[in-house]
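Numbering (our numbering), first residue to last: 54 to 185. C-beta atoms are modelled at their ideal positions from N, C-alpha and C, and glycine is treated no differently.
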């Protein structure tokens, strides 16, 4: 898929995909670090994949200048996108920030930039871990 075609995609669609991609990356990390501890896996994963965890990571990455200019543009476009869905268990501001983060991951996935996708996901995990 061409980058320009991905850029034209609906931000909600990119976020939908990015949410799933991040969930898989986080689950992979958990099962590789603590195989057999599935009972706590979901509880552990929620810290990273919740809107609060993703918003925390996204805000820190923006503040640190971790994202490229292009990545920040994609993030902001999705964050500012008017969505008809409302967060069920999240602060609306955090939800919008998390949506931007997820859309960026979805964009990187469709762009086949798996290395950068993994770098951003790893940084998000590091940020959430350091907030304990």
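- Rounded to the nearest angstrom, the Cβ distance from residue 105 to residue 155 is 13 Å, too far for a contact under 8 Å.
- Exclusion of the five residues before and after residue 66 leaves 159 as the residues of its chain whose Cβ lies within less than 8 Å of its Cβ.
- A straight-line Cα-Cα distance of about 31 Å links residue 152 and residue 89.
- If you look at residue 126, you'll find it in the alpha helix (DSSP H) that goes 122-132.
- Just so you know, the alpha carbons of residue 68 and residue 131 end up roughly 8 Å apart.
- Annotated as proximal: residue 150 and residue 112, with beta-carbon spacing under 8 Å.
- Here residue 83 is not near residue 164, since their CB atoms are 8 Å or more apart.
- Straight through space, the alpha carbons of residue 62 and residue 55 are spaced by roughly 11 Å.
- Taking the CA atoms as reference points, residue 175 sits about 20 Å from residue 129.
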